[in-house]
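Protein chains in written order, with this note's numbering: chain A, 1 to 133; chain B, 1 to 293; chain C, 1 to 180; chain D, 1 to 678.
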């Protein structure tokens, strides 16, 4: 199961657009609504892993187009820090990533989903914290 | 370290207007630029005809020439707009497309070459007009010319602009500034930046159309009373030189304006008397007038 | 009866060759983006003397009308790039013409005169080969009689000729007379 | 798994300490409503199965499915269930939050519940529309509903607060859009500050000679508005002024305005003696090269405020004007002034700028006989050097051939303006017609790509121009070149309808340059924190439903700053902006949802992580105190929450506990469903 934290502006807009355009992505993607990508931090991401998430994506607006004055850049930094935690814990850093997407373009977010899915199933990398596979 | 270039001869310069070659060598020598010969180089191949038949083959043949210059370890210098067009474009394409480079190298390997596209392709007009420049050239001049000249840029030196980015193709000044420094009085004429009509395989395939286009240019040049046409491309040179004769024969016109290449005029200003105008079809008795400095 | 079924002046939308549009798109030119403003035709030095209308060539290409390949029009472009530099939609018009010519060549639509140029390249390595008069002039100018080009290396020349620019034969139903 | 459970428990015990955690609420009683959305959801998801599954979830009291939950019947169904089963939370599994959260929230708030107790689960866009496999989609919908129910169980009521606001508006830009907006606002009794950077108000409209489609005099049209604004008791007009700083939020902006010195006091009677004696004559910017002015000047006779301006850049300090002024209005000692205004809303009406065609080098703009439409308007104006006559600027002769060229800098990817300005066809036709009217013997050519004249009386106007004998050529000129062998301008164009390239030997060429965003708008938009479209114009909130709102609350857009517009559209747009800007001011207060950040002072360790993180600067800290959240400024983004190392700062309804409950439920249900399969 993959948890995707989507900001209520561009990311959820993109996910809605993807739906309207009847694009296809894996049913393993589960979207969690947050007001801004900045709301999802280390606690949220690690909570998802602790409860069995195989990968976590945090998706916000494009850089420079954040609706909250670049709070998405703060998120980018936070995700990088989470990756450092994961390294220290001996896990792959691939299973958590920050993405951006455009509300008007559903394919941007479907691409993000496909990317995080690929990361999850990459057999070359050590297992994710929550992943049993 | 002295500047050096791999001199790309092409076809028309060595095989029709050797005087352009000899004056180019003279000018580069005076400027202290070392020439590295490009043994085994061939046709660039021409961007109009050969690219039209088969673009991939054209790329491979051009890449072979680029590879020869690379083996010399010196940037490639052309004296012709057509060669510049082909080699610049292919070099640019190879530089920016790794996939393409792989494909081209795969075919080049059969011929025994390898291209990296790590060098520049330059035109003599760039070297004279920008690198040396209208101010820099004064140090090398022995005399100036007294001439009312009409400049013809040709097409592939400045166009397409987004690739070349040398000067604005609608209103360039690079040659104007340079020729003025040589003492030329410049005359503007209608459709100055239009094509001479030779390129794109039109001269080879449809000579009458090619001549009509030339005729339109010649009429404008004659109308303003130019004493000579100043060009930077041996193919335009050929078109102007032999084309005027053909026009006169075919349409009964009386065009008689000699054409002078940038290398020839520069060599003359640097003190070389024999710049080979006597071998040309139009006005073989034309003599340049010198103004001593 | 059947004579009157398909008037020759009506475009038969079924008789289209989609490879034309595809080839242009692959060459980075989407002919459907053309707004037919005529900037290209007005720029064209050839169009002033011939029936060639760059804008029309692009339109025919967008409609994938096959005749655009066999027409001599595309061979009247001097590749001067004025249309390319001025197109308000930033379309690569000249490159599109080259792509059309490539497609025409692949189907054998190459004039005999152009075939001769290719023969020269195969034989001498040059589109314009040297002659005796120039050999003499070269000597007079203090240049080597023959430039050190591939012409002096017959083996390599032969190899090049076998690798590059092998032109397909002219289609039988299309003869030179028709072209002009 | 045991390890993670333990961790979760640890967190829970610590979280329980958070004082601001909603006090013991009554036991959650959740109702789940699964929508078919016709076939949109039910065609892929087994909605009955989902509803059945939901009924077994913790806290769920009632669960059902229905064809269209958003229909009147669907809403009644929800309201009936709430009443009958004593529900205190609702979950509707249907479409997106944006589409129908407000619908269902209103449905329960009508019954007296807090609207925030409604949770929307999007099983359409995020599930049925993106999944092919019916079984997988149903399973996914179940997981989503389970997560939604868990979240709903944790939800807390959120109050809506009324915030008093400053009843005053600032209008930036004194063109026709700004004037219209200012007037409309003032008429509603709202005090307005109008900020204009030029010496006088009126903008581009006062530069025009005639307006389409009636060929009316724009000065006559606009002057009642100009005078009205100048004399309105509720409008303060600041000319030569620019916005230099903006602080605050909707309802209470603090705007700093800098006014450049005019060097002439307001007691100026506009007698003009100063200009008569001024020895310096320079080009008048207002006339775009078709008029001169003195160093002390009024840009045009009717300019308002009717006060002269001294241009120190060109003044030679001779002092003649000081001597002749009968009222001692000229004052060299004036300095720039900075003033601060408190306003509730801001209307941006900075207008457009004419595209500078120099960039299109093939058109050789810069030659005296190649001019733009705005220059043509000035040439036709009776107050300029030509006295309204149409002449060739190079030699003053009457042109025998005029070419009007459309789409200059519009519909042009090369210069980066892909858009159609939409106005040029009409003003091009207008000026072509006026030229033909003035000079019937002159050939007027009109080169266009497409004629675009939508709207009443516009096509008719075009038809009238055709009747006048203007030669319409469907083709865009490739080059416009001064002839080196004569004094003509050669326009090369293909008439695409006859397939003929042609060369027009013109005496005068008029370029219909498009409308672009004004230079310097970048600075203003940065101060106002507005988003801009890639074309440079200010981006509207929504292209269809919010064309007068900007990306920022409390800032509205009027006229061409939102995109090219003609005068009619500009005035209508400005009226819309005025009413939008007036709405909260007339109401007298703002309604603000308090799902904002809250700080548990007991937990807070004063690390100030939240203060430095807050992207809108809504958290402040005073010496020796714990940080405080400004409820009005807080935009509820939640960026502060992860910044807090102890979880002391939370967002209402996006608390750690609430978000974690949703994720836990999702993942545990996922494991369950998977386990059940095996």
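The C-beta atom is built at its ideal place from N, Cα and C for all residues, glycine as well.
Taking 8 Å as the upper bound for CB-CB distance, residue 627(D) and residue 620(D) are in contact here, some 7 Å apart.
Residue environment analysis places residue 89(A) among the exposed positions, since fewer than 16 neighbouring C-beta atoms fall within 10 angstroms of its C-beta. The beta carbon of residue 191(D) sits closer than 6 Å to the beta carbons of 168, 234 from its chain, once the five residues preceding and following it are set aside; these are given in chain order.
Under the criterion of beta carbons closer than 8 Å, residue 276(B) and residue 22(B) qualify as touching, at roughly 7 Å.
Contact annotation for residue 36(C) against chain D: 496 [CB-CB distance below 7 Å, chain order].
Burial is judged here by how many other beta carbons sit within 10 angstroms of a residue's own beta carbon; residue 227(D) has fewer than 16 and is exposed.
In this structure, residue 128(B) sits away from residue 8(B), with a CB-CB distance that is not shorter than 9 Å. Chain-ordered, the chain A residues with CB closer than 7 Å to the CB of residue 140(D) read 27. Contact between residue 32(C) and residue 51(C) does not hold, since the beta-carbon distance rounds to 24 Å and is not under 8 Å.
Among the residues of chain C, those whose CB is under 8 Å from the CB of residue 493(D) are 38, 42, following chain order.
With respect to the C-alpha of residue 541(D), the residue from 534(D), 550(D), 535(D) having the closest C-alpha is 550(D).
At least one C-beta of chain D is nearer than 9 Å to the C-beta of residue 88(C).
Using a Cβ-Cβ distance cut-off of 8 Å, the region 89-98 of chain B and the region 56-76 of chain B are in contact, since at least three pairs of beta carbons, one from each stretch, lie closer than that value. The way I'd put it, the region 97-111 of chain A doesn't touch the region 39-50 of chain B; fewer than three beta-carbon pairs between them come closer than 8 Å. With respect to residue 78(B), residue 124(B) sits close: the two C-beta atoms are nearer than 9 Å. For secondary structure counted as the alpha helix (DSSP H) over 4 or more consecutive residues, the region 210-251 of chain D holds these complete runs in sequence order: 218-231. Excluding residues up to 5 positions away in sequence, 98 lie with their Cβ nearer than 6 Å to the Cβ of residue 76(A) in the same chain. For residue 101(A), the nearest beta carbon of chain D is not closer than 9 Å to its own beta carbon. The Cβ-Cβ distance between residue 673(D) and residue 53(A) does not fall below 9 Å. For residue 284(D), no CB of chain A lies under 9 Å from its own CB, so it is not counted at the interface with that chain.
In chain order, 647 place their CB closer than 6 Å to the CB of residue 656(D), counting only its own chain and leaving out the 5 sequence neighbours on each side. Comparing alpha-carbon positions, the option among 108(A), 43(A), 118(A) lying closest to residue 642(D) turns out to be 43(A). Judged by DSSP secondary structure, residue 151(D) falls outside any beta strand (DSSP E) and instead within the alpha helix (DSSP H) spanning 134-154. By the rule that beta-carbons nearer than 9 Å mark a contact, residue 80(C) does not touch chain D. Chain order gives the chain A residues near residue 660(D) as 47, where near means a beta carbon separation below 7 Å. For secondary structure counted as the alpha helix (DSSP H) over 4 or more consecutive residues, the region 35-67 of chain D holds these complete runs in sequence order: 39-42, 47-55. Counting along the chain, the unbroken alpha helix (DSSP H) around residue 81(B) starts and ends at 81-96.
Counting the other CB atoms within 10 Å of its CB gives residue 84(A) a total below 16, which places it among the exposed residues. Taking a beta-carbon distance threshold of 9 Å, residue 166(B) does not count as an interface residue toward chain D.
When Cβ-Cβ separations below 9 Å define contact, residue 578(D) makes no contact with chain C. For residue 486(D), no CB of chain C lies under 9 Å from its own CB, so it is not counted at the interface with that chain. DSSP places residue 620(D) in the strand class (E or B) of the three-state scheme. By the Cβ-count criterion, residue 53(B) is buried, with 16 or more other Cβ atoms from all chains shown falling within 10 Å of its own Cβ. Assigned with DSSP and collapsed to three states, residue 357(D) falls in helix. About 6 Å separates the Cβ atoms of residue 54(D) and residue 60(D), confirming a contact at the 8 Å cut-off. Within 7 Å of the CB of residue 656(D), the CB atoms of chain A belong to 43, in sequence order along the chain.
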